[in-house]
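Report on the following structure.
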Amino acid sequence: MKVEVENVNTVKKVLHVEIPEEDVSRELEKAYRALKKNAKIKGFRPGKVPRSILERRFKKDVYTDVSSQLIQNCFFDALREAKLDPVCEPTINRPDIQEGKPYRYSATVEVRPSIGNLKLKGLKLKQEVHTVTDNEIEAQLKILQKRQAQLKTIDENRSVKNGDFVLIDYEGFRNNKPFAPAGKTENFLLQVGAGQVLEDFDQQLLGMEPGTTKEFPVRFPDDYYNKELAGLQVIFKVSLKEIKEEILPAIDDEFAKDLGEYQTLAELKEAIRKDIQNKYDAQSKYQLGQRIVDALIDQCDFELPEGLVQQELSAMVRNAREAMAYKGIPLKQSGLRENELRKKYRPLAERRVREHFLLQKVGEQVEITLTDEILDAAYKELATDIGQPVEAIKRFHQAHADAYEAFRERTLEDQAIKWIIENNTIERIEADKKGSEPVKEADSTGVRP
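With our numbering applied, the sequence shown covers 27 to 475.
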């Protein structure tokens with residue numbers, strides 16, 4: 027076997043492999059012998075069909091099978107001989123076999139970039155730290171209070187005012203016909219003035235009385251997320267069924283007890299403080315990690331394997347599609363095409379691939395070893411994050427080697443970040459709270475006008 031390597035760039039190689047003619051002939055003979063035993067051709071007894079007949083009938087299929095077998099037999103040996111370690115699935119060019127000649131094929135292989143030793147000490151790093159304020163605790167208490175609120179139907183005969191909760195039926199029309207994209211909904215509960223629906227729709231509810239029906243036009247913005255509605259004027263027919271008022275519970279010890287885990291309001295406040303602080307700490311830790319990656323990126327530039335970038339891009343686009351679907355927004359309605367999403371996320375995908383190689387290099391440079399203790403701690407953290415028992419995750423990894431390898435790589439990268447933090451002086455500064463709020467109510471995600 028002859029092996030030659032063509033360097034396309036520092037991370038992309040083309041492997042040219044030549045398999046001797048005698049190996050090709052041997053595999054062809056083996057294939058025809060196996061075919062001869064099982065071939066059923068009229069006029070010939072089983073096992074007695076001449077090879078010339080088999081070649082006329084099955085040559086194309088045999089050549090395809092044999093070329094695959096030849097590549098399978100030698101490809102990994104060729105990689106070892108060329109000292110290439112692919113980081114993603116190679117692309118193999120499979121030409122037709124030419125009987126009586128050596129078999130030549132090529133494989134495009136992407137390898138990890140070569141990165142020189144990095145400066146890992148004496149880095150100038152800053153970490154923002156957050157201290158939870160009383161105002162943040164009070165804001166979270168207000169959110170919990172609102173979640174525990176009860177809605178009471180108003181008996182008095184009055185019209186809708188701002189802040190009321192209303193129960194309505196509505197349907198959208200265009201050209202005097204029901205317009206499906208605008209929807210038809212019964213018993214839809216919304217708070218007037220809370221921004222759950224378009225302002226034009228919201229304002230038309232003011233002054234309505236229970237038992238009345240109203241028709242009014244609503245124009246959807248040109249940039250509305252649902253492209254079937256963007257820029258259109260739709261006539262809505264709305265029936266007001268009930269007006270409800272929100273009854274908020276007092277924030278006291280009884281309120282804390284009703285939540286089921288606390289005996290006093292002080293206990294609840296302390297739990298809220300810890301929860302907000304944990305979120306701030308996680309955010310601060312992530313930001314520090316990204317600053318460390320920035321410091322490493324600034325030290326060197328290298329080409330990236332396009333296959334890995336595409337894999338990362340595909341995962342990001344898939345996650346974006348799933349997030350939109352969860353919100354009830356199909357990709358088609360979002361106005362974004364997949365190629366636009368890939369263009370949008372490509373810089374981030376490239377950064378993630380670059381980050382992976384740099385942190386792997388750190389692990390290699392400082393000789394990080396994944397001990398049982400480190401892996402056990404990583405399993406516990408993962409179990410907490412995804413809400414699964416450690417043993418269940420380990421069983422999954424036993425059955426899925428790729429997932430286990432990805433877990434080990436992530437753990438090594440976490441340890442690389444940890445090593446840099448422990449071996450550098452980190453300047454910790456109090457974060458500016460303006461515009462930084464880790465706890466807030468979930469936004470309304472319904473597909474509503």
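For each residue, glycine too, the CB sits at the ideal point set by N, CA and C.
Spatial neighbours of residue i within its chain, please: C-beta separation below 7 Å, excluding the five flanking residues on both sides.
i: SER310; result: GLN153, GLU154, VAL155, HIS156
i: GLU467; result: For GLU467, the pLDDT reaches just 35, beneath the cut-off of 50, and the residue's location in the model is therefore unreliable, leaving the point undetermined.
i: LEU322; result: LEU144, LEU384
i: GLN230; result: LYS240, PHE242
i: CYS114; result: GLU136, PRO331, GLY333, LEU334, GLN337
i: LYS178; result: LYS270, GLU271, ILE273
i: ALA427; result: none
Per DSSP, what are the beta-bridge partners of residue i in this structure?
i: PRO204; result: PHE199
i: GLN153; result: ARG454
i: VAL388; result: Paired residues: none, contrary to the question.
i: THR179; result: LYS270
i: GLN259; result: ARG245
i: ASN119; result: SER132
i: LEU193; result: LEU215, GLU268
i: THR397; result: Paired residues: none, contrary to the question.
i: VAL29; result: VAL43
i: LYS210; result: GLU197
i: THR159; result: DSSP output for THR159 lists no bridge partner at all.
i: THR239; result: SER265
i: LYS370; result: Answer is none; LYS370 lacks a bridge partner.
i: PRO112; result: VAL137
Rounding to the nearest angstrom, what Cα-Cα distance links residue i and residue j in this structure?
i: GLU30; j: LEU41; result: 6 Å
i: LEU396; j: ALA442; result: 11 Å
i: ASN213; j: ASP195; result: 6 Å
i: LEU11; j: GLN174; result: What the structure shows of the chain is the stretch from 27 to 475, and residue 11 is not part of that stretch, so it cannot be assessed.
i: PRO128; j: ARG77; result: 21 Å
i: LYS420; j: LYS68; result: 56 Å
i: VAL43; j: ARG106; result: 12 Å
i: LEU151; j: ILE446; result: 10 Å
i: LYS267; j: VAL260; result: 22 Å
i: PRO46; j: GLU81; result: 21 Å
i: TYR371; j: SER340; result: 10 Å
i: ALA220; j: ILE269; result: 15 Å
i: LEU167; j: PHE281; result: 10 Å
i: GLY413; j: LYS406; result: 10 Å
i: ILE163; j: ARG200; result: 48 Å
i: ASN64; j: ARG377; result: 55 Å
i: HIS423; j: ALA429; result: 6 Å
i: VAL319; j: ALA308; result: 17 Å
i: ILE455; j: GLU393; result: 31 Å
i: ARG317; j: ASP440; result: 14 Å
i: PHE102; j: GLU287; result: 59 Å
i: TYR312; j: GLU453; result: 15 Å
i: MET27; j: ARG52; result: 14 Å
Within the same chain, show all residues whose beta-carbon is closer than 6 Å to that of residue i, passing over the 5 residues directly before and after it, in chain order.
i: TYR250; result: ALA256
i: SER462; result: Reliability of the predicted coordinates at SER462 is poor, the pLDDT of 44 falling under 50, and no value is obtained from them.
i: LEU149; result: ALA321, ASN450
Tell whether a beta-carbon distance below 8 Å holds between residue i and residue j.
i: LEU146; j: ASN365; result: no
i: MET342; j: ALA297; result: no
i: LEU96; j: VAL50; result: yes
i: GLU235; j: SER185; result: yes
i: LEU330; j: ARG368; result: no
i: VAL218; j: ASN188; result: yes
i: THR141; j: PHE328; result: For the record, residue 141 in the displayed sequence is Ile; it is not Thr. Contact: yes.
i: PRO204; j: ASN252; result: no
i: GLU481; j: LYS39; result: No information on residue 481 is available, as it lies outside the stretch 27 to 475 that the chain covers here.
i: LYS263; j: GLU197; result: yes
i: GLY389; j: LEU438; result: yes
i: PHE246; j: LEU258; result: yes
i: VAL158; j: ARG299; result: yes
i: VAL75; j: LYS86; result: no
i: ALA425; j: VAL416; result: no
In its own chain, which residues sit with a C-beta less than 8 Å from the C-beta of residue i, not counting the 5 before and 5 after it?
i: THR36; result: PRO139, SER140, PHE328, GLU329
i: GLN171; result: LEU274, PRO275, ILE277, PHE281
Please confirm whether residue i has its beta-carbon closer than 8 Å to some beta-carbon of chain E.
i: ALA308; result: Here there is only one protein chain, and chain E is not present.
### Query
Should the region 84-97 be regarded as contacting the region 115-132, the criterion being three or more beta carbon pairs within less than 8 Å?
The region 84-97 and the region 115-132 touch, with no fewer than 3 CB-CB distances between them shorter than 8 Å.
(message) I'd like to know if the region 291-304 and the region 330-340 are in contact, where contact means that at least 3 CB-CB pairs between them fall below 8 Å.
(response) No: the two stretches stay apart, fewer than three of their Cβ pairs being nearer than 8 Å.
If you pair each beta-carbon of the region 98-112 with each one of the region 129-141, do three or more pairs fall below 8 Å? Counting Cβ pairs under 8 Å, three or more are found: they touch.
| task | Please confirm if the region 396-411 is in contact with the region 274-284, defined as three or more CB-CB distances below 8 Å between the two stretches. | result | Judged by Cβ distances under 8 Å, the region 396-411 makes no contact with the region 274-284, as fewer than three pairs qualify.
| Should the region 280-297 be regarded as contacting the region 222-237, the criterion being three or more beta carbon pairs within less than 8 Å? | Flag = no, the region 280-297 and the region 222-237 do not touch.
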